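Structure first, then comments.
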Ligand SMILES: Nc1ncnc2c1ncn2[C@@H]1O[C@H](COP(=O)(O)OP(=O)(O)OP(=O)(O)O)[C@@H](O)[C@H]1O
Ligand SMILES: [Mg+2]
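Residue numbers (full-length UniProt numbering): 1 to 304.
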């Protein structure tokens with residue numbers, strides 16, 4: 001049986017404290033293979049959880065199994081099957097981009113030829129070919145970030161942890177990375193990523209976990225989370241765009257048609273919008289505060 005028949009992650013009673021500060025508070029998680037996003041504000045414990053799952057940190061109590069292996073007792077075996085791109089770039093400044101990739105490929109047991117070939121493919125994909133032979137010390141922050149990601153992909157791990165992979169990337173690079181994550185998923189690689197960006201979690205992940213106050217406060221697809229928060233509504237606006245009324249619906253054609261038929265009799269001239277709450281609104285509802293780095297919408301300001 002391969003791990004694909006089993007769970008990707010199995011976490012039970014996982015807690016982590018730094019001194020008196022409890023950062024993770026008895027987490028329980030069971031996740032199948034796939035793409036999962038861990039969403040949470042600054043200081044929520046995202047990096048701490050990723051570091052425990054990728055064997056870098058020993059939890060205060062509880063256990064975690066990754067790809068069926070215990071992060072403590074099977075540490076070495078697990079390390080060969082996963083990769084981690086941390087929140088801060090960890091490439092060798094004194095080497096070129098191509099040399100970093102070659103070194104890492106060989107470290108993972110690939111031949112020199114295969115390492116070079118795959119390294120160049122990855123450099124190409126992240127738009128780093130022009131800087132292939134330049135020392136990393138001359139790279140911009142975004143270029144380092146991309147190289148760091150390329151390095152963690154060279155050995156084609158079964159599971160890759162990405163801690164805030166797109167922080168600091170421009171729009172085009174961010175899109176390139178999203179494409180890369182979809183490509184990996186298509187070939188059966190699992191991804192566990194952390195992000196502050198709700199749209200990113202929604203665009204990439206089959207399952208979103210919201211971490212806040214040391215606990216998972218919500219878990220599910222973007223749609224499930226949205227439904228938890230209030231679901232789909234039909235909104236009616238007048239000519240000037242003012243919201244006249246709002247009506248809950250289950251979002252199906254039958255229910256929307258029934259609701260609209262009733263409304264058309266009363267308010268024939270109004271404009272109709274069917275909307276789901278944005279992930280920003282969902283986050284606000286679930287955690288009671290706005291995600292870090294998020295500009296409040298007019299709607300949220302009015303509600304505050
Ligand atoms: N080695 C450490 N020693 C002491 N405290 C720590 C340590 N690592 C993390 N913490 C604390 O644990 C809490 C969670 O930190 P963590 O880095 O896991 O959060 P995060 O969700 O990744 O935040 P960010 O979005 O800012 O990256 C913070 O309050 C942090 O100060
Ligand atoms: Mg972090």
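The beta carbon of each residue, even a glycine, is placed where N, CA and C say it ideally should be. All values reported here derive from a predicted model rather than from experimental measurement.
Within 7 angstroms of the C-beta of residue 217 there is not a single heavy atom belonging to ligand 1. Closest option to residue 157, judged by alpha-carbon separation, among 144, 9, 187 and 165: 187. According to the DSSP assignment, residue 257 belongs to the alpha helix (DSSP H) that extends over 253 to 266. Between the stretch 9 to 28 and the stretch 50 to 62 there are three or more inter-stretch CB-CB distances shorter than 8 angstroms, so the stretches are counted as touching. The shortest C-alpha to C-alpha distance from residue 55 to any of 45, 68, 44 and 75 is the one to 75. By the neighbour-count criterion, in which a residue is buried when 16 or more other Cβ atoms sit within 10 angstroms of its Cβ, residue 182 is exposed.
Of the heavy atoms belonging to ligand 2, at least one sits nearer than 7 angstroms to the Cβ of residue 164.
DSSP places residue 151 in the helix class (H, G or I) of the three-state scheme. The beta strand (DSSP E) runs of length 3 or more contained entirely in the stretch 163 to 235 are, from start to end of the chain, 190 to 195, 207 to 212 and 215 to 220. Of all alpha-carbon atoms in 65, 85, 87 and 86, the one lying nearest the alpha-carbon of residue 78 is that of 65.
Shown here for residue 16: same chain residues with a beta carbon closer than 6 angstroms to its own, the five before and five after excluded, namely 23, 24, 48, 59 and 60 in chain order. When secondary structure is reduced to three states using DSSP, residue 24 falls in the strand class.
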